[in-house]
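Q: Structure below; questions to follow.
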Amino acid sequence: MLQSVTNFLRLGRPLFLLGGVMLYGLGVLIALFIGTRLNVAVLLWGQVAVTATQLMTHYSNEYFDLAADRANPTPTRWSGGSRVLAEGYLQPQVALVTAAIMGAIALLASLMLAFVLNTGPLTLPILLLALILGWSYSSPPLYLNSHGLGELTGAILISGLTPMVGFYLQARSLELLPFLVVFPLCCFQFAMLLVINFPDEAGDAAAGKHTLIYFLGKKNNSRFYITLLLLSYATLPLFLLLGLPGIVALALLLISPLAIWLAWRMWRGAWAEPDQWDSLGFWSIGLLMASVSAELLAFLFLIYL
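Counting from 976, one number per residue, gives the positions in the sequence shown under the numbering used here.
Shown next, in the form of structure tokens:
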């Protein structure tokens, strides 16, 4: 029984939920920075909507990616799914039913925010968009990640929409500042998703799943990764002119040595070495989360010090 519970939790990829909490919190802090007063009820219900949407996405991914995960000869800690279904620890229907339940919880939280807590006219459209993108990442009818659109979808959904939800629910308006803050994070998220394509490529191809690496090829995939890292920093001067606080830009620059090191490894061909894939995935996730943490600390400093 205990082992079944453990496998069920593993299936939901709980470690990745922390990213959702941090990104949602970042959006809330941006709202506080512009002078919004914190609404705790909205904060909590918004987190329910975000986390339930994440879990729906995780469980549906596990179900609809099962053929590719089973065919994957080179899974890493960060790719190839949780391996719970692929290795037969639980029945696939468990993931599908759980995904449906989590989607229903996310929808109920969205309705609560929109019609009971009255968080603004865009609440329901934004949260429904997140639900649709989350479901469609691996699931029918769109199967976005099987048609070269999963990486872009993931970047928009996770590092883009999640902070925007946190901001909008509190501020009840859309402004330029949160877009400036999340753009570098979306670049890092996109790059990280490109990296985890390398170990998944063989299994995906065997299952007829065509991620972006299928269309770009491995070498161009690695060059695109480098381009995204460069873009995240090259846009900072413009964003400063548009209103990005200097301390936020500085916080991101403090993480840049990690980005430079990753870009150098990619340029030197680490993408072609299977024994490097786990490390590239780990440090690419680290770059994203370190950057999110840096921005969180920067806004905490601006608000409270």
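Backbone N, C-alpha and C define an ideal beta-carbon position, used for all residues, glycine too.
(1) Just the Cα atoms here: how many angstroms apart are P1212 and V1223?
(2) Once you ignore the five residues that flank I1101 on each side, which residues in its own chain have a CB closer than 8 Å to its CB?
(3) Once the 5 residues before and after L1160 are set aside, which same chain residues still bring their CB inside 7 Å of it?
(4) Measuring CA to CA, which of P1174, S1254, A1181 is closest to L1233?
(5) Can the beta-carbon of L919 be found closer than 7 Å to that of A1081?
(6) Suppose contacts are defined by Cβ-Cβ distances below 7 Å. Is F1165 in contact with E1126 by that definition?
(7) Is it the case that the stretch 1032-1045 contacts the stretch 995-1004, given that we only count it when at least three CB pairs across the two stretches are under 8 Å?
(8) With distance defined between alpha-carbon atoms, name the residue in D1044, G1261, R1198 nearest to S1231.
(9) Taking DSSP's pairing of strands, which residues face H1122 in a bridge?
(10) Pull up the CB-CB distance for E1150 and I1278, whole angstroms please, since I reckon it's below 8 Å.
(11) Distance, Cα to Cα, P1220 vs T1210?
(12) Measure the Cβ-Cβ separation of A1182 and A1226 and say whether it is below 7 Å.
(13) Does the Cβ of N1047 have 16 or more other Cβ atoms within 10 Å, making it buried, or fewer, making it exposed?
(14) What is the residue span of the alpha helix (DSSP H) that I1222 lies within?
(15) At a cut of 8 Å, does the stretch 1062-1080 reach the stretch 1016-1035 through at least three beta carbon pairs?
(16) In chain order, which alpha helix (DSSP H) runs of at least 4 residues are fully inside the stretch 1139-1220?
(17) For V1059, which three-state DSSP category applies?
(18) So what does DSSP say about G1095, is it helix, strand or coil?
(19) Do you know whose CA, among L1086, Y1112, T981, lies nearest Q1029's CA?
(20) Taking only the alpha-carbon atoms, compute the straight-line gap between Y1351 and L1124 and give it to the nearest angstrom.
(21) So, for N1014: in the same chain, excluding its five sequence neighbours on each side, which residues have a beta-carbon less than 7 Å away from its beta-carbon?
(22) Any chance the stretch 1000-1007 sits against the stretch 1081-1094, with 3 or more Cβ pairs inside 8 Å?
(23) Is R985 helix, strand or coil by DSSP?
(24) Under the rule that 16 or more other beta-carbon atoms within 10 Å means buried, what is N1059, buried or exposed?
(25) Only counting runs of 3 or more residues, tell me where the beta strand (DSSP E) segments fall wholly within the stretch 1001-1071, in order along the chain.
(26) Classify R1240 as helix, strand or coil using the three-state DSSP reduction.
(27) Verify whether the separation of the beta carbon atoms of G1178 and W1053 is less than 7 Å.
(28) What whole-angstrom Cβ distance do R1147 and T1202 have, given they're in contact under 8 Å?
(29) Grab me the residues of S1197's own chain with a C-beta within less than 6 Å of its C-beta, minus the 5 sequence neighbours each way, in chain order.
(30) When you compare each of L1205, D1175, L1097, P1050 to S1121 by their alpha carbons, which one comes out closest?
(31) Could you spell out the range, first to last residue, of the alpha helix (DSSP H) harbouring D1250?
A: Considering the structure as presented:
(1) In this structure, the CA atom of P1212 is about 12 Å from the CA atom of V1223.
(2) Taken in chain order, the residues that qualify are L1136, M1139, V1140, Y1143.
(3) Closer than 7 Å at the Cβ level, and outside the excluded window around L1160, lie S1134, L1263, S1266, V1267.
(4) Ranking the options by Cα distance to L1233, first place goes to S1254.
(5) Outside the shown range of the chain (976 to 1280) lies residue 919, about which nothing can therefore be said.
(6) Yes, Cβ-Cβ distance for F1165 and E1126 is below 7 Å.
(7) Using a Cβ-Cβ distance cut-off of 8 Å, the stretch 995-1004 and the stretch 1032-1045 are not in contact, since fewer than three pairs of beta carbons, one from each stretch, lie closer than that value.
(8) Nearest neighbour of S1231 by Cα position, chosen from D1044, G1261, R1198, turns out to be G1261.
(9) DSSP links H1122 through a beta bridge to H1185.
(10) No, E1150 and I1278 are not in contact; Cβ-Cβ is about 16 Å, not under 8 Å.
(11) Approximately 14 Å between the Cα atoms of the pair.
(12) Contact: no.
(13) Residue environment for N1047: buried (at least 16 other C-beta atoms within 10 angstroms of its C-beta).
(14) According to the DSSP assignment, I1222 belongs to the alpha helix (DSSP H) that extends over 1221-1229.
(15) With three or more CB-CB distances shorter than 8 Å, the stretch 1062-1080 counts as touching the stretch 1016-1035.
(16) Along the length of the stretch 1139-1220, whole alpha helix (DSSP H) runs at least 4 residues long occupy 1151-1170, 1172-1181, 1187-1191, 1193-1209, 1211-1217, reported in chain order.
(17) V1059 falls in the coil class under three-state DSSP.
(18) In the displayed model, G1095 falls within coil according to three-state DSSP, outside both helix and strand.
(19) Taking each of L1086, Y1112, T981 in turn and checking the Cα distance to Q1029, the smallest one comes out for Y1112.
(20) Within the shown structure, residues of the chain are numbered from 976 to 1280, placing residue 1351 beyond reach of any answer.
(21) Only residues of its own chain outside the window of five on either side were considered, and among them Q1145 have a CB closer than 7 Å to the CB of N1014, listed in chain order.
(22) Touching, no, given that fewer than three Cβ pairs across the two stretches are closer than 8 Å.
(23) The answer is helix: DSSP assigns R985 an H, G or I state.
(24) Here residue 1059 is Val; the residue named in the question, Asn, does not match the sequence. By the neighbour-count criterion, in which a residue is buried when 16 or more other Cβ atoms sit within 10 angstroms of its Cβ, V1059 is buried.
(25) Listed in chain order, the beta strand (DSSP E) elements of length 3 or more contained wholly in the stretch 1001-1071 amount to none.
(26) The answer is helix: DSSP assigns R1240 an H, G or I state.
(27) Against a cut-off of 7 Å, the Cβ pair of W1053 and G1178 comes out as no contact.
(28) Taking C-beta atoms under 8 Å as the contact rule, R1147 and T1202 fail to qualify, at a distance of about 36 Å.
(29) Closer than 6 Å at Cβ, skipping near neighbours: M1241, W1246.
(30) The alpha carbon of S1121 has as its nearest neighbour, out of L1205, D1175, L1097, P1050, the alpha carbon of D1175.
(31) Premise fails: D1250 is in no alpha helix (DSSP H) and is neither H nor E.
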